[in-house]
Amino acid sequence: MKVIHSVPSLGESGGGPPRSVSQLCNELCFAEDLEITIITAVAPHDPIVPLDSRIALVGVEATGENFLGRLKAADFSIGLNRVHIDSSISVIHQHGIWLRSSHAASRYARRNNIPLVVAPRGMLEPWAINNSKWKKKLAWALYQKRDLERATAFHATAHSEAESIRRLGFKQPIAVIPNGVQLPEAIECESAKEGRLQGERKTALFLSRIHPKKGLPMLLNAWKKLSPEGWRLVIAGNDDGGHVAELKAQIKRLGLCGSVSYAGPLFGEAKGKAYREADLFVLPSYSENFGIVVAEALGYQVPVLTTTGCPWKELETDRCGWWVEPTPAGIEQGLQLALATSGQELSEMGARGRALVEEKYQWPGIAERMIEFYDWLLKSGKQPEFVV
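With the sequence shown counted from 1, adding 284 to any position gets you the working numbering.
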């Protein structure tokens with residue numbers, strides 16, 4: 285079986301999708317009789333995330349700050365054709381929508397009678413649809429609605445995302461298969477905090493793209509109101525659309541320079557170090573289809589505060605964090621509770637979070653479900669229980 289994963293970018297600055305798609309494909313490589321190819325845009329200013337050497341990478345060259353917007357559908361079509369000539373394609377798994385590259389993958393699958401799985405990656409959530417609303421209305425009318433109607437099936441990373449797909453009227457099967465994470469060694473998770481000097485401030489960490497969707501203004505306003513003693517807030521992430529200047533201006537305007545800092549984008553060991561030093565992870569997003577940083581933080585035994593715009597009710601049920609409304613009041617109330625929690629209880633919550641990730645969000649089991657889904661699409665038979 286040959287599966288093509290079409291993804292707009294695998295660049296390190298792209299946030300969750302490049303990490304989750306690459307790690308899924310890395311794990312799928314271990315399966316027998318499964319050949320994985322990724323077609324994606326590549327640009328010199330944005331190195332791609334690590335890939336297993338067994339993955340065939342078809343790179344579509346693109347340049348410029350907004351290189352994804354400049355991609356031609358023809359570029360992806362040529363890349364797909366190159367793969368198809370080499371050997372027949374069993375399934376195309378398309379990650380993301382709206383872009384011309386996504387349209388190219390949909391059109392190519394349709395013209396060549398290849399099963400197409402569409403993973404919207406949160407782009408069909410209400411908040412996302414209303415962001416750049418008029419551009420998306422035009423794209424919906426021109427090609428996007430038709431492309432989705434002709435998809436063979438969908439891949440959602442949470443039941444809430446599957447519900448968003450159904451609300452738009454699509455009837456195809458939906459495989460609800462979450463993202464996974466690469467767990468650090470358990471011994472790594474406590475080392476940095478154990479070495480903290482007595483009286484040194486605890487750390488609340490935000491690590492994600494700097495983008496309006498992430499709700500950072502709400503977090504900063506809540507931090508100002510609470511003015512927590514003995515805590516600092518570290519904000520890390522790449523500048524998505526020039527919003528870092530707004531972030532820094534708000535920090536200065538609120539007089540938070542003494543307790544809030546911007547660390548820039550973090551990758552690799554620097555990112556792991558940030559998780560290890562954190563006592564609390566905060567993601568105040570309005571909307572996430574999964575929120576891979578939540579799973580990453582839990583994997584490092586860090587309790588999490590996030591919103592009901594993210595599919596992480598397990599933070600409440602497994603007692604490893606706080607799940608609040610994505611409103612100023614919700615963020616403030618949740619933050620107040622989290623910051624008042626003792627270090628011992630934070631540590632216990634983090635341990636429960638680690639156990640949750642070990643049980644449900646490791647890549648081997650997730651890859652097994654994805655292979656089962658591909659097999660079912662091609663051979664029919666009994667519908668997997670995770671398909672709705």
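Every residue, glycine too, gets a C-beta built ideally from N, C-alpha and C.
### Message
Let me confirm a value: Phe-551 is counted as buried when at least 16 other C-beta atoms fall within 10 Å, else exposed. Which label applies?
### Response
exposed
### Query
Whole beta strand (DSSP E) runs in the segment 400–481 with 3 or more residues, listed along the chain?
Within the segment 400–481, the complete beta strand (DSSP E) runs of at least 3 residues fall at 400–403, 437–440, 458–460.
### Message
Taking the beta carbon of His-329 as the centre, do at least 16 other beta carbons fall within 10 Å, making it buried, or is it exposed?
### Response
Its Cβ having fewer than 16 others within 10 Å, His-329 is exposed.
### Task
Name, in chain order, the residues that DSSP records as bridge partners for Gly-295.
Ile-332
### Query
Can at least three beta-carbon pairs, one atom from the segment 532–547 and one from the segment 377–395, be found at a separation below 8 Å?
no
### Query
Roughly how many whole angstroms lie between the Cα atoms of His-377 and Gly-539?
47 Å
### Task
Go ahead and label Glu-616 buried or exposed: buried means 16 or more other beta carbons lie within 10 angstroms of its beta carbon, across all protein chains shown.
Counting Cβ neighbours within 10 Å, Glu-616 comes out buried, since at least 16 surround it.
### Reference Thr-601, options Gly-627, Val-465, Gly-637, Pro-568, closest by Cα
Gly-637
### Message
What would DSSP say about His-495, mapped onto helix, strand or coil?
### Response
Coil, per DSSP.
### Query
Nearest-angstrom Cα distance between Pro-331 and Lys-557?
Each residue's alpha carbon lies about 21 Å from the other.
### Task
Within the segment 523–575, note down every full alpha helix (DSSP H) run reaching 4 residues or more, in order along the chain.
528–537, 552–561
### Task
With a threshold of 16 other CB atoms inside 10 Å of the CB of Trp-507, please say whether the residue is buried or exposed.
buried
### Query
If Ile-650 and Ile-461 are in contact, beta carbons under 8 Å, what's the gap, nearest whole angstrom?
6 Å between Cβ atoms; contact.
### Task
Report yes if the C-beta distance between Leu-564 and Val-641 is below 9 Å; otherwise report no.
no
### Task
Identify, in the order they occur along the chain, each residue of the same chain with its Cβ nearer than 8 Å to the Cβ of Ala-470, setting aside the five sequence neighbours on each side.
Gln-585, Arg-638
### Query
My guess is that Thr-321 and Pro-292 are in contact by the Cβ rule of under 8 Å, so how many angstroms apart are they, rounded?
Going by Cβ atoms, the distance from Thr-321 to Pro-292 rounds to 16 Å, so no, they are not a contact pair.
### Query
Name the DSSP beta bridge partners of Ala-520, please?
Leu-491, Gly-548
### Message
For a quick check, are the C-beta atoms of Leu-400 and Val-375 less than 9 Å apart?
### Response
yes
### Task
Keeping to the same chain, check which residues put their C-beta closer than 8 Å to that of Ile-339; ignore five residues upstream and five downstream.
Cys-309, Asn-310, Cys-313, Ile-320, Thr-321, Ile-322
### Task
Sort Val-326, Val-287, Ser-569, Asp-336 by Cα distance to Ser-306 and report the nearest one.
Asp-336
#### Entry: Alpha-carbon to alpha-carbon, Ala-635 and Val-465
The alpha-carbon atoms of Val-465 and Ala-635 are separated by roughly 16 Å.
### Query
Pick from Gly-514, Trp-418, Lys-532: whose alpha carbon is nearest that of Ala-520?
Of the listed residues, the one whose Cα sits closest to Ala-520 is Lys-532.
### Message
Going by the DSSP bridge assignment, what does Trp-647 pair with across the sheet?
### Response
DSSP output for Trp-647 lists no bridge partner at all.
### Query
Taking all protein chains shown into account, do 16 or more other C-beta atoms lie within 10 angstroms of the C-beta of Cys-541, making it buried, or fewer, making it exposed?
exposed
### Strand pairing of Ile-381, partner residues [DSSP]
Under DSSP, no beta-bridge partner is assigned to Ile-381.
#### Entry: Expected contact under 8 Å - CB spacing of Ile-494 and His-527 to nearest Å
That pair is a contact at about 5 Å.
### Task
Can you check DSSP and say which residues form a bridge with Gly-343?
Per DSSP, Thr-324.
### Query
Can you tell me where the alpha helix (DSSP H) with Gly-514 in it begins and where it stops?
Counting along the chain, Gly-514 falls outside any alpha helix (DSSP H), and DSSP gives it neither H nor E.
### Query
Since Thr-592 sits in a beta bridge, which residues does DSSP pair it with?
For Thr-592, no pairing in a beta bridge is given by DSSP.
### Query
With 16 other CB atoms within 10 Å as the buried threshold, where does Gly-298 fall?
Under this definition Gly-298 is a buried residue.
### Query
What residue from Glu-652, Phe-657, Trp-424 has the CA that sits closest to Ala-315's CA?
Glu-652
#### Entry: Assigned exposure category for Arg-303 - 16 Cβ within 10 Å defines buried
By the 10 Å Cβ count, Arg-303 comes out buried.
### Message
So, for Met-633: in the same chain, excluding its five sequence neighbours on each side, which residues have a beta-carbon less than 7 Å away from its beta-carbon?
### Response
Pro-587, Arg-603, Cys-604, Gly-605
### Three-state secondary structure (DSSP) of Val-671
In this structure, DSSP gives Val-671 an extended state, which the three-state scheme calls strand.
### Local conformation of Glu-484 per DSSP, three classes
coil
#### Entry: Outcome for Ala-554 when other beta-carbon atoms lying within 10 angstroms are tallied against a minimum of 16
With fewer than 16 Cβ atoms within 10 Å of its Cβ, Ala-554 is classed as exposed.
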